[in-house]
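A short write-up of the structure that comes next.
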Amino acid sequence: MQHLKIKHRTIYKYPTEVTLLPHKLLLSPREGHYVRIKKFRLTITPDHQLRWHRDAHDNSVGVVNFLKQGDELVIASEVIIEARDDAPLDFLIESYAVSYPFTYRVEEANDLLPYQQQAYLSDNGMLRGWVRQFWRNGQTIETYVLLDNINKAITEQITYKVREEPGVQSPAVTLRDKTGSCRDMATLFIEACRLLGLAARFISGYQYIEGLATDAGATHAWSEIYLPGAGWKGFDSTTGKLVDNHYIPIAVATHPEVVPPISGAFAGAIESQPVMTVTVDITAVNG
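Using full-length UniProt numbering, the letters of the sequence shown correspond one by one to residues 1 to 287.
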């Protein structure tokens, strides 16, 4: 178990005053057995009203309505969490799902359907050919070994790059270019698993990296696969490892493009495009 402090600051500077339209925030960690929020503070300027709700995936969503115009928007969060998942391999899978292929039992199947539906069906030709290196029709393989092989292959075959452009690359583009951001690599893993009939979802959050310079952190993305008996297990295709207590989940989604930390719009002159600055700092602290 460890305690982590996450400071996430986003600044938008506009050349002239603009009208800020409602913004959606996904900045509060997802609590559960492995993550507990000890402290959470959110600072926003200009003047505003903030309301919270839980969405369909049980994410904590903040909706900001601004009360005045401004030429600068600042959204700064500071959270201290308790992270407990220090033994990610300590899990048991139901006997019927230890080996792949298997079928989810009826009591869970309906709930898992949205997580089995592929988002990039047009990529299936290339994706199917790539997946054949891990499993072929008629073959039986240990389920965890299959997932671990796919996860590590992405790390080995795809070169990580920081990609500032919004959105997510399709799996076909990632396979063709052999490069991608963390969200692109997670998307490839998710779509490969869904092609095999497994329930998979996209996770947006943070990763604590020991020794990283101040403000040198960033948001991160990984995947979770539903394994009967073990529940949702996290896989990081950027590192090829299972998710542990160095990862702080913020939001989950069936589609990777719907969970940015901050989303919104403004009304103003064409020349009012903002300059954005983002800093993320994650440090270990005493409990």
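Backbone N, C-alpha and C define an ideal beta-carbon position, used for all residues, glycine too.
Note that this is a predicted model, so its numbers are computed, not measured.
#1: Counting only runs that start and end within the region 79 to 125, where is the alpha helix (DSSP H) found for 4 or more residues in a row?
#2: Can you check which of these residues, I250, Q273, S122, is closest to S170 by C-alpha distance?
#3: Can you check whether the CB of M1 is closer than 8 Å to the CB of D86?
#4: So, Q208 versus T219, is the Cβ gap smaller than 8 Å?
#5: Compute the distance between the beta-carbons of E94 and H3, then report whether it is under 8 Å.
#6: Decide if E108 is buried, meaning its Cβ has at least 16 other Cβ atoms within 10 Å, or exposed.
#7: Can you tell me which of L113, Q139, S237 puts its alpha carbon nearest to the alpha carbon of I158?
#8: Using DSSP with H/G/I as helix, E/B as strand and the rest coil, what is R194?
#9: For N65 versus H53, is the C-beta spacing smaller than 8 Å?
#10: Using a Cβ-Cβ cut-off of 7 Å (strictly less than) and excluding sequence neighbours within five positions of I154, which residues of its own chain qualify?
#11: Identify every run of the alpha helix (DSSP H) within the UniProt domain "Transglutaminase-like" (174 to 239), keeping only runs that are complete inside it and at least 4 residues long; order them along the chain.
So, from the data block:
#1: 106 to 112
#2: On the sequence shown, residue 170 is found 170 positions in, with the first residue counted as 1. Answer by Cα proximity: S122.
#3: For the purposes of this step, residue 86 is taken as the residue at position 86 of the sequence shown. For the purposes of this step, residue 1 is taken as the residue at position 1 of the sequence shown. Yes.
#4: Within the sequence shown, the letter at position 208 stands for residue 208. Within the sequence shown, the letter at position 219 stands for residue 219. The sequence shown places Tyr at residue 208, not Gln. Taking 8 Å as the Cβ cut-off, Y208 and T219 do not qualify as a contacting pair.
#5: On the sequence shown, residue 94 is found 94 positions in, with the first residue counted as 1. On the sequence shown, residue 3 is found 3 positions in, with the first residue counted as 1. No. Outside cutoff.
#6: Counted from its first residue, the sequence shown places residue 108 at position 108. Label assigned to E108: exposed.
#7: What you label residue 158 is simply residue 158 of the sequence shown in a count that begins at 1. Cα-wise, what sits closest to I158 is S237.
#8: Taking the sequence shown and counting its residues from 1, the one referred to as residue 194 is at position 194. Note: R194 maps to helix in three-state DSSP.
#9: Along the sequence shown, one-based indexing puts residue 65 at 65. Along the sequence shown, one-based indexing puts residue 53 at 53. Cβ distance not < 8 Å, so N65 and H53 don't count as in contact.
#10: Here residue 154 is taken as the residue at index 154 of the sequence shown, counted from 1. Closer than 7 Å at the Cβ level, and outside the excluded window around I154, lie M185, L188, F189, S237.
#11: 182 to 195
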